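2 protein chains.
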Amino acid sequence: MLTETLKALSEPTRFYIVELLKERPYSVNECAEYLEIRQPQASKHLRVLSDAGLVSVKTVAQKHIYSLNPEAFCQLEDWIGSFGMLWEKRLDRLGEDLREGKERDDSRSGI
Amino acid sequence: MLTETLKALSEPTRFYIVELLKERPYSVNECAEYLEIRQPQASKHLRVLSDAGLVSVKTVAQKHIYSLNPEAFCQLEDWIGSFGMLWEKRLDRLGEDLREGKERDDSRSGI
DNA sequence: TAGGAATATTCTTTTATAAGCATATTCCTA
DNA sequence: TAGGAATATGCTTATAAAAGAATATTCCTA
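Listed in order, the protein sequences are those of chains A and B.
Residues 2 to 112 (my numbering) make up the first sequence, in order.
Residues 2 to 112 (my numbering) make up the second sequence, in order.
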């Protein structure tokens, strides 16, 4: 479900965690330290991100190393990509209309 | 704030409204009808989407016609795009390492 | 200008979730 | 194997937001 992904990302603290993980994988304590939150909160937020498929865990000794999970972001990218066509379509129609010398009727453009 | 955009989209009903508006602009009542929700809810959800910059309104007589706002989606697309580089970078490193005949150390790959 | 159509707002109730704190769990090492 | 490091979980409280119902607002038209 895309909405779960979006929901997980919409929480500011989790958003920052994801931004942090862009740099490199981090352990739970490292996340907590960098974001200046307590360890349990970091753990919980990472769990939400994990449940949403946004991050993966790798266990090294006692440490749980979290890293971004490409698939989830590709899925999001695909969805966002499905909008780009809309603006292009409208520009296409605008172009056609201009070539045909039509008056532009914005009630049809959706802009 | 990107988190506001994400939050607005993360609500299932609003997500469907956005999907509906992909097709063409819709009035409040039309949205309510298609999504089988009551008019006030549609109005409220559209307000949230509007506050987040995801939709624009055009008033035609008493009707408020809502349509998607390209800028917001482009912003999202830019952000999502900033992740694509990461996977590529990793593939690049993998490629380099292979050419150099190195042993792969996954603790550095973040995958 | 009165009436109705279309939309927005207010208020209440309910539900979801984030934070805080304590504690449990897991696993390495001396 | 006892102790400590790293992480996870449970419980409570506080806050945010969604739904429902009633009502207010805006604006066109006869």
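Glycine included, every Cβ here is placed at the ideal spot set by N, Cα and C.
All of these numbers come straight from a predicted model, not from anything done at the bench.
Asked	Found
Completely contained alpha helix (DSSP H) runs for the segment 29-68 of chain A, where each covers 4 or more residues	29-36 and 40-52
Rounded straight-line distance, which links the Cα of B:Asp52 to that of A:Ala71	The sequence as given places Pro at residue 71 of chain A; Ala does not occur at that position. Taking the straight line joining both Cα atoms gives about 30 Å.
Distance between beta carbons of A:Leu50 and A:Ala9, contact taken as under 8 Å	6 Å
Cβ-heavy atom distance, A:Thr60 to the ligand FAD, below 7 Å	Because no ligand of any kind appears in the structure shown, any question about the ligand FAD cannot be addressed here.
Contact check, A:Lys11 vs B:Ser83, beta carbons under 8 Å	Just to set this straight, residue 11 of chain A is Ser in the shown sequence, not Lys. In this structure, B:Ser83 does not lie closer than 8 Å to A:Ser11 by Cβ.
CB contact flag (B:Leu1, B:Leu47, <8 Å)	Because chain B in this structure spans residues 2 to 112, residue 1 of chain B falls outside the shown range and cannot be described.
Span of the alpha helix (DSSP H) around B:Arg25	Premise fails: B:Arg25 is in no alpha helix (DSSP H) and is neither H nor E.
Outcome for A:Arg15 when other beta-carbon atoms lying within 10 angstroms are tallied against a minimum of 16	buried
Chain A contacts made by the segment 60-74 of chain B, where a contact means CB separation under 9 Å	Val61, Ile66, Ser68, Leu69, Asn70, Pro71 and Phe74
Rounded straight-line distance, which links the Cα of A:Arg100 to that of A:Glu5	44 Å
Nearest to B:Arg91 (by Cα), restricted to the options A:Leu87, A:Asp93 and A:Arg25	A:Arg25
CB contact check: B:Ile81 to chain A, cutoff 8 Å	yes
Cutoff 8 Å: B:Leu87 Cβ touching any chain A Cβ	yes
Member of A:Leu77, A:Leu87 and A:Val29 whose CA lies at the smallest distance from the CA of A:Ile66	A:Val29
B:Glu20, DSSP secondary structure in three states	helix
6 Å CB neighbourhood of A:Lys64 in its chain, flanking five on each side removed	Ser28
Within-8 Å CB hit, B:Glu78 to chain A	yes
For B:Ile81 and A:Glu78, the rounded distance between their alpha carbons	6 Å
Cutoff 8 Å: A:Ser11 Cβ touching any chain B Cβ	yes
Whole-angstrom distance between A:Leu87 and B:Gly96, CA atom to CA atom	37 Å
CB contact below 8 Å: B:Leu7 versus chain A	yes
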